[in-house]
Each structure stands twice: as structure tokens, then as C-alpha cells.
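Everything in the sequence shown is counted per this note's numbering, starting at 769 for the first residue and increasing by one.
Every residue gets a Cβ at the ideal spot worked out from N, C-alpha and C, and that includes glycine.
Notes to accompany the following structure.
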Amino acid sequence: MVALTSQCLHQAAGGAQCLPSPCQIHSLASATSTTRPVPSNSQYRAARACSQSQGSRFPPTRYQRRSTAPKLQQLKKELLDAVHTEQYAQAASLRDRIKQEEEANPVLQLQLRLKQAVAEQNFQEAASIRDEIVAATPARPPTQSDTVTNDVRVQVKSKFWHSAQPSQNTSYVWSYRIRITNQSPDRTVTLQTRHWIIIDDDGHREEVRGPGVIGEQPMLPPGHSFEYSSYSQLRTPRGTMEGSYEFVDETPAEEGREDTLRGRQFEVAIGKFGLDSSPGAESGMASPF
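The following block contains the structure:
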């Protein structure tokens, strides 16, 4: 990591202006947590030569961006803003807070060790640390789920569709298909409402509620299914979805009493499934339907 120079911090504390170099701005924004791929010797020499000529480091990988906590990312954004506005005392404080956050995160500590091993060209050690990082990182959720609640089965499968221009607010789009099956032998149920929880790779959470699905409130007699497709958009290349449906039991509580036709309401879970734009994210998994 290239931190603010002591001269910059001293001048900032005294009210004098000190404009950091592009290298310092980049390094402050990266702020220590930068996972490196394990390159070949030729790749390493080429990258090192470029780094020395430009005063920068290897760019962060997709894995590093995925594993960095949202709070840490926000601190880094604030740090970059502070540097751009030449608020160096605030930048120094933010730098220290970032360091504390990283020290409390075991995965980030492994990433720092990996960075050091690559810098020292100790690729055997780097490979070992890389394996530790993989083991310490929670596995991505599968791109499908299959859940049964109160005799109603919900099967979901997502598929990456396309990515839009990075300048657009929602750059990644997935389609997903859902099959809802009433497995009860004697109850008729009607889907009333839906509730989705959508979380992107930066931890941003969005909740969506509404009546029915795709403009319908399907009624399912015993053994019947309803299928539909929809889509979801995120700003990040990965995320998750989960949620629930609210159903109404349409079976009369007592034969011949129409006033009890619309019975109790109950909730049916939609199991968590992944939205993943990585090539091969769906390979090796049998389709649920």
C-alpha cells in the first residue's frame, strides 16, 4: 500500500495544500486489501515492470471486489472523495479506520499475505494462501432452489441473460423461471401476494411487494402447478434473491357454508437462489423442472 506521505499529512495538518500523485490516490482508494491472482513468472515480471513505471499495483480482481465488505467499500469511497477534495486530515483518519476494518477481517488478512507472497515471488506460498482464502470464503449460493411449505412446492432457477453498458444503473440482467405446485391431496389454494428480497454483491438490499405474479393470482387445485418467468436487474455481477408468497386456502371449513370459502392465509417460502454472471455458474446442476 502507498499511503499519504508524511509531508502531505504534515502539510494538511498545518492547513497547507498538498496534492497527492495519481499513484497515491489509487493506492488510498485501494487501501491495502487487494487480492492478486497467482501469475506466471513472465506475467509477474511484466506486471511488475508496469507497476514500477506507473507507481501502481496490480488491479483488484473480481474475487477481491466480491469479498470486500460493503462498509469497507464505503470507507474507501469516502477516502477517495477526501483525497480529491484535499481534506488530508480526514483522509488520514479514514485510512486508519480502513486498516482497523481489515485487521478485523480474517479473509482480508489472508489477502494481504497473498499480496506479500506474490510481491516476493513466493508462488508456492501464494498458492497455499489462495487455497486458504477459498476455504474461508462462503460458497456462492446455487442458481436454483426447491422449497416446500404447507404442501406448496416452489422451484426456481435463474439464468444470466446479458450485461448492459457499465454507465447504466442496472448493468446485469437475469431471467428466472418459477414453478409452483400444490402438493396437498385435498386443498385448493390461491396465490395472493409476493414478497422478494434482492441483495446485490455490494450488500445493497431491495424489497419488492405486490399482488400476485405477472398480473395473475393463480388458483391451484390439488396436484396442479403454475409456471411463470420474470427477470431481475442488478448493478453488480452477482447477487441473491429469496422471498415468500402469501396464499389463501380456498377449501370450505364446513361443507355447504359459502361464508367460510376463503379460509386461512398462510405463507410459502421461496428459497434463496443466486444470480451469477460467471461463465459456467449453472453447469453441473440438474434443472429442477
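Between residue i and residue j, what straight-line distance do the alpha-carbon atoms span, to the nearest angstrom?
| i | j | result |
| --- | --- | --- |
| Q858 | E869 | 17 Å |
| G1031 | I982 | 24 Å |
| Y944 | F1034 | 24 Å |
| G1042 | I901 | 21 Å |
| L843 | N918 | 44 Å |
| S810 | R908 | With a pLDDT of 48 at S810, under the threshold of 50, the modelled position of that residue is not reliable, and the figure given next carries that caveat. Spanning the two alpha carbons is a distance of roughly 32 Å. |
| T956 | F994 | 13 Å |
| T905 | P874 | 10 Å |
| L882 | S1000 | 35 Å |
| R865 | Y856 | 14 Å |
| Y1013 | V1036 | 5 Å |
| V920 | H992 | 10 Å |
Give the single residue among the options whose Cα lies nearest to the Cα of residue i.
| i | options | result |
| --- | --- | --- |
| D899 | S926, D1044, R977 and L878 | L878 |
| S1046 | Q841, K927, S913 and K867 | K927 |
| P990 | S998, S1000 and D954 | D954 |
| S997 | L880, W942, D864 and A860 | W942 |
| A1049 | K867, L880 and W929 | W929 |
| D968 | A860, A872, D1044 and F891 | D1044 |
Am I right that residue i and residue j are in contact with their C-beta atoms under 8 Å? What's the rounded C-beta distance?
| i | j | result |
| --- | --- | --- |
| V1016 | Q960 | 6 Å |
| T915 | K925 | Wrong, their Cβ atoms sit about 13 Å apart, outside the cutoff. |
| G1011 | I1038 | 4 Å |
| S913 | K1040 | 6 Å |
| R977 | H963 | 5 Å |
Between residue i and residue j, is the Cβ-Cβ spacing less than 8 Å?
| i | j | result |
| --- | --- | --- |
| I946 | L988 | no |
| Q893 | A885 | Here residue 893 turns out to be Glu, not Gln, going by the sequence shown. Yes. Within cutoff. |
With a threshold of 6 Å on Cβ separation, who are the neighbours of residue i within its own chain once the five nearest residues in sequence on each side are excluded?
| i | result |
| --- | --- |
| S931 | S939 and Y940 |
| G783 | Residue placement at G783 is poorly supported in this model, since its pLDDT is 39, which falls under 50; the coordinates are not used for a value here. |
| I966 | E974 and M1009 |
Output needed for residue i: all residues of its chain with C-beta closer than 8 Å, excluding positions within five of it in sequence on either side, in chain order.
| i | result |
| --- | --- |
| D970 | P838, Q841, R1003 and T1004 |
| Q985 | T958, L959, Q960 and P979 |
| E1018 | R955, T956, V957, T958, M987, L1029, R1030 and G1031 |
| I897 | L878, R881, L882 and A885 |
Might you give, ordered along the chain, the residues of its own chain that have their beta carbon closer than 7 Å to the beta carbon of residue i, omitting 5 neighbours on each side?
| i | result |
| --- | --- |
| A814 | Here A814 scores only 45 on pLDDT, less than 50, and its place in the model should not be relied on; the value that follows carries that caveat. Same-chain partners within the cutoff: there are none. |
| L862 | L843, E846, L847 and A850 |
Say whether chain B places a C-beta atom closer than 8 Å to the C-beta of residue i.
| i | result |
| --- | --- |
| A887 | Annotation note: the requested chain B is absent from the structure, which comprises a single protein chain. |
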